Structures are given as C-alpha cells and as structure tokens.
Amino acid sequence: MSQTVAAGAAHVAHAHHEELGFWRTYIFSTDHKMIGRQFLFMGLLMLIIGGLLAMMMRWQLAWPETAVPGLSAIPEPYMYEGIIPPQTYNALFTMHATIMIFFVVMPIMVGCYGNFLIPLMIGTRDMAFPLLNMLSFWVGAVAGVIMLASFLVPGGPAAAGWTGYATLSARAAYTGVDLGQDLWIISLLVLGISSLMGSINYITTIVNMRAPGMTYFRMPLTVWSLFITAILLLLALPVLTAALAMLLFDRTLGTSFFLPQGGGQPLLWQHMFWFFGHPEVYILVLPAMGVTSDLLSTFSRKPIFGYHAMAFSMIAIAFLSWIVWGHHMFVSGMNPLLGTAFMMTTMVIAVPSAIKVFNWLGTLWGGSIRLTSPMLFALGFVSNFLIGGLSGIFMASTPVDIFIHDTYYIVAHFHYVVAGIIFALFAAVYYWFPKMFSRMMSEPLGKIHFVLTYIFFNLTFFPMHFLGVGGHMRRIYNPMQYEFIQPLQDWNVFITVSALLLGLSQLPFLINFFWSLFAGKRAERNPWQANTLEWTAPTPPPHGNFEVQPTVYRGPYEYSSPEVKEDWLPQDKPLAKTAARAH
Amino acid sequence: MMRWLPEDVSTYGHEIDSLFFLIYYITAATFILVTVLMVLFLVMYRERPGRRATYSHGNTTLEIIWTIIPAAILIVLSFMSVNTWAKLKNTVPPSDFAIQVTAKQFNWGIAYPGADGKLGTEDDVKFDNDVHVPVNKVVHVHLGSEDVIHSFFIPNLRFKQDMVPGRTVTGWFEATKPGRYELPCAELCGFGHSGMKGWLHVHSAEDYAKWAAENLAAKQQ
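Protein sequence lines, in the order shown, are assigned to chains Y and S.
When we follow the working numbering, the leftmost residue of the first sequence carries the number 78, and every step to the right adds one.
When we follow the working numbering, the leftmost residue of the second sequence carries the number 4, and every step to the right adds one.
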C-alpha cells in the first residue's frame with residue numbers, strides 16, 4: 078500500500094511493500110513515476126489534438142473557404158461540407174493555443190518531468206505528498222475532459238482567443254458562444270487547482286527531502302528550473318483563478334467587473350490575465366532551459382559553463398517576470414508612460430536570457446560532443462530559443478510594437494519560444510525514456526525525426542516573420558479579404574505546406590515511441606553515462622526508487638574530471654579523497 | 004526584408020522603421036555570430052577517440068563580458084525607443100481637424116463635426132468605414148467602441164490603437180501622400196473580425212475641400 082511506502086524507511090523501500098493491484102498500479106497510483114507517465118500520455122494525446130486543430134487553421138489560411146479533405150462529415154453549423162466557417166476558425170485558434178499551453182507543455186514539462194525527475198534527481202523515495210500528487214493528476218485529467226467536452230456543446234467551444242479578452246469573452250452575445258466559453262473558464266479553474274497541488278508538492282519535496290549532501294547548489298539545473306517554476310505557479314495561478322472567477326460571474330451572475338455598462342473596466346482583465354500570463358511563459362520555458370542545460374553538459378562530456386550564473390539567471394528571470402506584463406498592452410490604451418516603464422523591464426529580462434544562450438555555447442566549447450537524438454533536440458531548442466529571444470527585442474521596443482503588435486510577427490515570435498519548447502520536450506522524452514520505460518528508443522528513427530522536425534519547424538514559423546512585417550494581422554479568417562495582404566498569400570501557402578509536413582514528420586516519433594515501448598532494446602542502468610542520481614537507481618526504479626539511500630558528494634556536472642579515469646563521475650560515487658573530506 | 008514593410012506615408016513612420024531596421028541588424032548579427040559559433044563548436048569538438056573534453060566550470064571574465072555587452076546594447080535601444088515613443092504619445096501636435104471613430108461589431112462608425120464644429124453633438128455627420136482626410140494635416144482621432152475591443156490599424160501610417168469600450172483614446176497622424184489606404188481591425192472582435200475593415204482616403208487640399216463640400220456641407224443642411 079502507498080501508506081506503507083510513505084511511512085517506510087527511505088531506503089530498501091521496495092523490499093517490504095506489498096504487490097499492488099492493477100488499479101493502484103496504473104490508474105490511481107500514488108507513485109510519482111507512474112503519475113509522471115500518466116501526465117506524459119495525457120500530454121501526448123492532447124498534442125495530437127492540438128496539432129490537428131492547427132492543421133485545419135493552416136488549410137483555411139492557405140486555401141480559404143475550400144473544403145478540408147476528410148472532414149465533410151462534421152455537421153453544420155461547425156463545418157459546411159468540409160468548409161470552415163469564421164466562427165469555427167475562431168474556435169480553432171482559441172482551442173489550439175489553450176490545449177498546447179495548458180494541456181501539452183504544462184502537463185509534459187511540469188507534470189510529467191517534474192513528477193518523474195524531482196524525487197529521483199534529489200535522491201528521495203517519492204514526493205512529499207503522494208496522495209496529493211495523485212489528486213493533482215486526476216483533477217488535471219478532469220480539466221482536460223471538460224475542455225474537450227466543450228467541443229460537443231451547442232454553440233461550439235470558446236472562440237474569444239486563448240487570452241479571452243473581455244468584453245468579447247464576457248457576454249455570450251458578442252461571440253455567439255455560451256456554454257463553450259463557460260466550460261473553458263471552468264476547465265481552467267479546475268486545472269489551476271491541479272497545478273496548485275502539484276506546485277506545493279514540488280516545493281515541499283525539494284526543500285525538505287533532498288538526499289544527504291544534496292545542497293541547493295548541487296542540484297541539477299533541471300531541478301532548479303522545476304523548483305522556480307513551481308514557485309511561479311504557486312504565485313501566478315491564484316491571479317488567473319481570480320480573473321476567471323470574475324469573468325464567470327460577469328457571464329452568469331450579472332456582475333460587471335469587466336463590462337463598462339455596469340461600471341467595469343475591460344482593461345482590468347488584460348492586467349490580471351497578463352500578470353499571470355507573463356510568468357506563465359516562463360513557467361513553460363524554464364523547465365525546457367533546465368533540461369537543455371543538463372543534456373548539453375552530459376553530451377558534451379563537460380561541466381555546465383557557469384553553473385551559478387545559470388541558476389541565478391533563472392532566479393532573475395523569475396523575479397523580473399512579475400514586472401513585464403504590460404508589454405502585452407502597449408497599444409491597449411494603457412497610459413503611454415506605463416508603456417515606457419514596461420519597455421525598460423522587458424529589455425532587462427532579455428539579459429539573463431542572453432546569458433543562458435552564451436553559457437550553453439560555453440558548455441559546447443572544448444567538449445567531446447555526442448550527437449545523440451536527445452542532444453540534437455536540445456541543440457534544436459537552443460537554436461529556436463535564440464531566434465525567439467532575438468525577435469522578442471523588436472516588440473519590446475514600444476514604437477516598433479505599434480506596427481507589429483497583433484500581426485504574424487508576434488505569432489512567429491511566440492511559436493519560436495513556446496512551440497520551440499517542444500524540442501526540449503522531445504529531448505526529454507528521448508533522454509529519460511530508458512529510465513521511464515526500461516527500454517531504449519531507436520537512435521536512427523530519432524535522428525530522422527529530429528532532422529525533419531527541425532527543417533519543417535523553421536520553414537513553418539520563420540516565414541511568419543515576413544507576413545508580420547507585411548502587416549498581416551493574426552486571428553483573421555481569410556487573408557484574401559485584404560488588398561495589402563493578398564501579395565503575401567504565396568507565403569501562406571508555403572507555410573501551410575510546411576506545417577502539414579511538420580505534422581507528418583511526427584510519424585517517426587510515434588512509431589519509435591510505441592515500438593520502443595514494447596520492443597526496444599533493454600536499457601541498462603546508466604545508458605548515457607550521466608552523473609545525476611536518477612541514473613544510479615535501478616531500471617526500472619522500484620517503489621522507493623533507490624536500493625540504498627544515496628549520499629551526494631559533488632555537483633551534477635563533473636564530466637571529464639581529472640580525478641577519475643572515466644569521463645563521468647556520478648554525484649553519489651565516493652572517492653577516497655572526497656569521502657574522507659565528507660566525514 | 005525591407006521590401007515587405009508597407010509603404011510609409013506618415014510623418015513619424017520613418018522613425019519606427021529605422022528602429023525596426025536597427026534592431027534587425029543587431030539581432031541578425033547576434034544570430035549569425037551565435038549560430039556560426041555553435042556549428043563550429045559542434046564540428047570542432049565532436050567526439051573523437053583519445054580526446055577528452057576540457058574540464059572547465061566556466062570563466063568569470065567571459066561571463067561578465069557577455070552580460071555587460073547585451074545589457075549596454077539593450078539600454079541604448081531602450082533610450083532610443085523612449086524618445087520615439089514620447090514623440091508619438093506624449094506630445095500630440097495641435098490640430099483643428101478631429102474625427103471620432105466608434106467601432107461596433109463589425110464596422111467603423113466615422114463622425115465628422117457638424118455645423119457647430121464640435122464632435123459628439125447631434126449634428127455630427129456620420130459615415131461607415133470610409134475616412135477622408137487632407138494630406139499634410141495633423142488629424143486627431145478619438146477612438147472608442149460600443150461593444151468589444153477593436154483595434155484601429157492603418158499599416159501605411161504605422162498607426163495602431165486598441166478601441167476600448169467605456170473609454171476614449173485619442174491618437175493622431177499626419178499623412179504625407181494622397182491615396183487610398185486599407186484600414187483593418189487588428190484585434191479579435193468576434194466571428195466577423197476578419198473582413199472588418201475600411202479605407203482611409205488621403206486627399207490633396209483641393210480634393211478634400213471638394214469632398215467636404217459635397218459630403219459634409221451638404222449633409223449639414
């Protein structure tokens with residue numbers, strides 16, 4: 078029973094726990110590793126749904142108001158013999174963004190890897206609150222079901238954008254969506270509870286349950302990033318929850334928080350939403366940065382360049398992320414003086430991001446680089462983050478933002494950052510698959526997957542900069558309605574073809590993932606010759622994770638250390654010298 | 004990239020465009036530098052038998068350098084942007100020409116002052132979607148909305164301002180070339196958002212006088 082595990086001694090836990098039945102092992106598990114896998118499968122399923130929604134949008138943008146192949150069965154008024162009407166188009170981009178942000182990147186990067194890795198990497202038996210952990214997943218799953226259910230209600234799902242700007246979102250008459258928008262709000266409220274439970278768990282676990290010797294500055298940067306992310310989640314989500322509750326009251330109880338007719342302020346929604354929303358961007362990207370740091374060091378066989386700078390730059394990003402939200406609102410009608418202040422803070426937050434990129438380069442310098450699939454994807458993340466970070470400087474400059482705000486330039490920028498996270502996500506899947514599923518994924522298939530994904534990702538998202546520079550607005554249903562956009566239509570076709578190919582490029586991954594799950598080569602304990610503690614646990618790690626409570630003697634990045642013959646030195650390996658010093 | 008920016012016909016657009024290109028050159032140079040180094044390192048330091056990676060935890064001098072240089076560049080960019088922003092937003096040039104635009108799903112409601120010369124009174128002359136202004140004259144636009152947030156976007160004038168229900172935001176522009184310029188809504192405003200657009204007609208002084216005589220003066224009787 079889980080209570081046995083929770084109450085049991087930290088070590089040799091697997092020796093005295095009872096066999097659990099199917100339900101307690103696979104469905105209502107309190108084991109952090111199983112919960113991690115559950116989050117992974119939920120995220121991958123939602124990734125497929127979110128991706129298909131994007132394909133439908135791209136079809137409409139390239140070949141407006143023509144029938145999408147294979148979708149003629151969807152009834153009116155959602156589709157007209159395969160043709161997407163404007164209302165459905167608005168629902169498509171709203172749900173694409175909502176699903177990708179809240180039900181793909183967060184469940185996988187934070188839910189799956191936070192759960193799976195934190196206890197293993199800090200050398201403990203499980204999360205601090207295993208039952209809360211189980212609830213966190215199942216409450217999150219309920220939120221997912223509510224979100225998907227909104228596709229099936231009369232009027233269709235939410236269509237006010239993922240940002241849900243009031244007043245558009247505050248009255249059903251403005252969008253024509255009634256129940257769908259309510260379900261969108263309720264789903265995110267429920268998801269907030271799930272994330273809150275998860276973040277409390279992560280913070281408590283990291284503060285209290287680190288193995289002997291695992292000081293804060295011996296933690297892998299993945300754990301650092303998840304720690305900071307959990308703190309951001311804990312502080313940011315209540316603001317979103319408050320805003321969503323107010324919006325729901327405006328819609329259903331007749332209040333007027335955001336409706337000017339009753340004395341409310343539409344801009345209040347934007348302030349609240351982005352006060353949550355900007356930390357949210359870092360909630361999404363910080364774990365990707367942490368994973369990338371670990372992988373670049375491991376596969377360069379070299380310590381991370383500037384470990385303390387990497388940790389402190391993430392802390393700096395976390396602090397600054399609270400005072401940059403106004404850069405989403407430069408043309409909103411907010412006082413222009415505020416615009417000036419927010420531009421300054423936004424320029425400042427670019428500095429720690431730049432430090433990270435340069436330190437990643439420094440890590441590669443002088444290394445002995447192994448281009449494995451996870452390493453290639455980690456490098457892909459760096460390359461995309463570089464472009465996304467640099468393109469962000471344009472919109473940080475208030476005068477330039479006047480022109481590119483709400484254009485495809487913004488769409489290009491945030492896809493390089495947020496959709497770029499998918500590279501770190503794949504890197505994590507390839508890297509930790511052996512520990513999660515006890516088998517290796519195929520390297521050749523992984524490399525094919527990387528090359529195709531990298532090429533078509535860039536062919537899809539880079540030309541969006543050109544559209545944005547031409548003034549092409551985002552969230553428009555039919556670009557051909559505008560004379561000044563018509564000359565850019567060839568790019569829309571190009572982007573759509575690339576996007577469809579980007580979608581197809583995920584087939585090698587799906588094949589690889591499921592084939593390896595059942596028939597991959599059996600994984601050894603430490604296939605990548607890595608230093609961090611998860612690789613000292615058996616494969617698969619049993620309940621309680623470690624055979625013997627590990628003691629940590631050093632930081633996580635002692636690759637190619639002159640102290641040993643091999644080019645790696647696990648955190649828990651006593652050396653004659655260091656062991657003596659530790660006592 | 005240069006040819007893709009729409010033609011600029013405003014008095015301040017060149018300042019926005021030159022900031023855009025300045026940032027473009029800086030970021031392009033950074034992108035090339037980092038990418039070339041990354042590819043170079045991947046080739047130079049690929050795994051080879053018998054060679055061990057350099058055991059180094061970093062270099063404080065280097066880290067200080069690559070913190071200070073981006074910080075300095077960003078501070079300079081900030082100050083340059085602040086100047087232009089202040090010119091656009093904080094110092095509105097005076098003008099005797101003002102119109103009011105009130106958005107509603109999915110139209111621009113344009114109002115010109117009537118015989119009393121004031122906006123917002125009974126005798127305002129109203130049009131849908133088409134804005135007529137004289138060239139080389141500062142135009143004040145009072146922007147508001149009746150229902151949801153819209154955004155008044157004139158790409159050729161580098162003008163964009165959200166229109167928020169419950170408040171009026173005043174913007175200004177001065178067109179420098181007669182012509183007909185598209186005027187789309189840039190903020191999602193519902194199922195008819197796409198296609199919500201009008202036209203800005205910039206006339207020479209004589210042409211504008213003629214248009215005003217036919218359309219404004221005539222309706223004022």
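Glycine included, each C-beta is placed from N, C-alpha and C at the ideal position.
All values reported here derive from a predicted model rather than from experimental measurement.
Bridge pairing for S/Lys129: S/Ala114 [DSSP].
Below 8 Å, enough C-beta pairs join the region 93-100 of chain S and the region 168-188 of chain S to call them touching: three or more. Y/Asn461 and Y/Gly497 do touch by the CB rule: their CB atoms are close to 3 Å apart, below 8 Å. One Cα belongs to Y/Ile308, the other to S/Gly198, and the distance between them is close to 43 Å.
When the beta-carbon positions are compared, Y/Asp649 and Y/Val629 come within less than 8 Å of each other. Rounded to whole angstroms, the separation of the alpha carbons of S/Ala75 and Y/Phe396 is 21 Å. For the region 141-153 of chain S, the beta-carbon criterion of a distance under 9 Å to any beta-carbon of chain Y is satisfied by Leu146, Ser148, Asp150, Val151 and Ile152. Between the region 184-200 of chain S and the region 237-254 of chain Y, the count of C-beta pairs closer than 8 Å reaches three or more; the two stretches touch.
Within the region 421-454 of chain Y, Met421, Met424, Val425, Ala427, Val428, Ala431, Ile432, Val434, Phe435, Asn436, Leu438, Gly439, Leu441, Trp442, Gly443, Gly444, Ser445, Ile446, Arg447 and Leu448 place their CB atoms closer than 8 Å to a CB of chain S, listed in sequence order. If you compare the alpha carbons of Y/Glu158, Y/Pro154, Y/Pro152 and Y/Glu153 with that of Y/Val145, the shortest gap goes to Y/Glu158.
Across the set Y/Ala576, Y/Val477, Y/Pro234 and Y/Met517, the C-alpha of Y/Ala576 shows the shortest separation from the C-alpha of Y/Met134. Less than 8 Å divides the Cβ of S/Leu186 from the Cβ of S/Val134. Ile479, Phe480, His482 and Asp483: these are the residues of the region 478-491 of chain Y whose beta carbon lies less than 7 Å from some beta carbon of chain S, given in chain order. In the structure shown, S/His143 falls within a strand segment according to DSSP collapsed to helix, strand and coil.
Not a single C-beta of chain Y is nearer than 8 Å to the C-beta of S/Ala178.
A residue is called buried once 16 or more other Cβ atoms fall within 10 Å of its Cβ, and S/Pro9 is buried on that count. Look at the region 555-579 of chain Y: the residues with a C-beta under 7 Å from a C-beta of chain S are Asn555, Gln558, Tyr559, Glu560 and Phe561. S/Glu185 is bridged by DSSP to S/Trp202. Using a Cβ-Cβ cut-off of 8 Å, S/Asp165 counts as an interface residue toward chain Y, since at least one Cβ of chain Y sits closer than that to its own. Nearest CB-CB separation between Y/Phe471 and chain S: below the 8 Å threshold.
Here Y/Leu229 is exposed. Its C-beta has fewer than 16 other C-beta atoms within 10 Å. By the 16-neighbour rule on beta-carbons within 10 angstroms, S/Asn86 is exposed. Within the region 447-473 of chain Y, the alpha helix (DSSP H) runs of at least 4 residues that lie entirely inside it are, in chain order, 450-473. Nearest neighbour of S/Gly147 by Cα position, chosen from S/Val205, S/Gly169 and S/Leu160, turns out to be S/Gly169. Within the region 27-96 of chain S, no complete beta strand (DSSP E) segment of 3 residues or longer occurs.
Annotation for Y/Ala131: the continuous alpha helix (DSSP H) segment containing it runs His109 to Ala139. Rounded to whole angstroms, the gap between the alpha carbons of Y/Leu130 and S/Phe162 is 32 Å. Bridge pairing for S/Pro168: S/Ser148 [DSSP].
At least one CB atom of chain Y sits nearer than 8 Å to the CB of S/Thr70. Within the same chain, Tyr485, Val488 and Ala489 come within 6 Å of Y/Met541 by CB-CB distance, once the 5 residues on both sides are set aside. In terms of Cβ geometry, Y/Leu138 and Y/Thr573 form a close pair [threshold 8 Å].
For the 8 Å CB-CB criterion, Y/Ser637 and S/Arg55 form a contact. When Cβ-Cβ separations below 8 Å define contact, Y/Lys379 makes contact with chain S. For a Cβ distance threshold of 7 Å, nothing in chain S lies close to Y/Phe595: the least Cβ distance comes to about 31 Å. Distances from the CA of S/Ile19 to each of Y/Glu560, Y/Val546, Y/Phe586 and Y/Phe590 were compared; the closest alpha carbon is that of Y/Val546. The way I'd put it, the region 302-322 of chain Y doesn't touch the region 208-227 of chain Y; fewer than three beta-carbon pairs between them come closer than 8 Å.
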